[in-house]
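Residues are numbered in this note's numbering as their position in the sequence shown, beginning at 1, plus a constant of 28. To keep things clear, I will list the structure first and then write my remarks on it.
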Amino acid sequence: MKNILVGPRVALNVPQPEDFDEISDWYADADFVRKMDTAPARPLSGEDLERTYRNLDQNTEFYFHIHSLADERLLGFVTLFNIEWNNQVGQLAIAIGNAEDRGQGYGTESLNLMLNYGFNELNLYKVCLDVIATNQSAIAVYQNSGFEFEGTNARAVKRDGHRYDLYHMGLFAEDFQPRISLK
29 MKNILVGPRV ALNVPQPEDF DEISDWYADA DFVRKMDTAP ARPLSGEDLE
79 RTYRNLDQNT EFYFHIHSLA DERLLGFVTL FNIEWNNQVG QLAIAIGNAE
129 DRGQGYGTES LNLMLNYGFN ELNLYKVCLD VIATNQSAIA VYQNSGFEFE
179 GTNARAVKRD GHRYDLYHMG LFAEDFQPRI SLK
């Protein structure tokens, strides 16, 4: 049987305690946090992050760490959360931690692995996400993976005294076409 959580260059793995200290370093980078989330940027300790992971609702949240197959380096994380089983809909979030690892295709591969998992293992009908309008690189990855714009929460995000739109995007299972070779 094939491992549906492994792609050509990355694997989606169970989080390990030692990973959270490294992720904590990413949260010290305001640019990372401000592109990923609409919440105020703030540093989080590895202990804080691990506690959050331990308190996930195991029935509606599926959280993985992204590791490079070449050197087992931690690259980021990806999660399906707020799953409504009765509607077969879930939300997705993904982040690649270090700036030098972004734009290398790790996010696209990880996203496609998680979508394959969501649609073919969890039997989701639709996956949704929110993205800040200024995060053009993420928007390009989402569009390349088949997500379509579904709505705009106009001027919902305030950054440095300016207002930016928050886009809602979605992808239906029937429209998912993997952009990577799934093993």
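We put the CB at the ideal spot given by N, CA and C, even for glycine.
DSSP state of residue i mapped onto helix, strand, coil
i: T107; result: strand
i: G118; result: strand
i: A69; result: coil
i: N7; result: The structure shown does not extend to residue 7, since the chain spans only 29 to 211, so no value can be given for it.
i: Y153; result: coil
i: R187; result: strand
i: G35; result: coil
i: D49; result: helix
i: I167; result: helix
i: E100; result: coil
Option nearest residue i by Cα separation, candidates the options
i: L33; options: N172, E149, D158; result: E149
i: K30; options: Y145, R70, A161, H93; result: Y145
i: R62; options: F204, H190, A168, I160; result: I160
i: A127; options: D57, D188, N41; result: D57
i: F175; options: L199, A182, D193; result: L199
Sub-8 Å separation of residue i and residue j beta-carbons
i: P206; j: N140; result: yes
i: R130; j: I124; result: yes
8 Å contact criterion, which residue i and residue j should meet: CB distance rounded
i: Y55; j: P71; result: 5 Å
i: V38; j: L97; result: 6 Å
Validate contact between the region 159 to 178 and the region 106 to 115 using beta carbons, cut 8 Å, 3 pairs: Verdict: no, contact absent.
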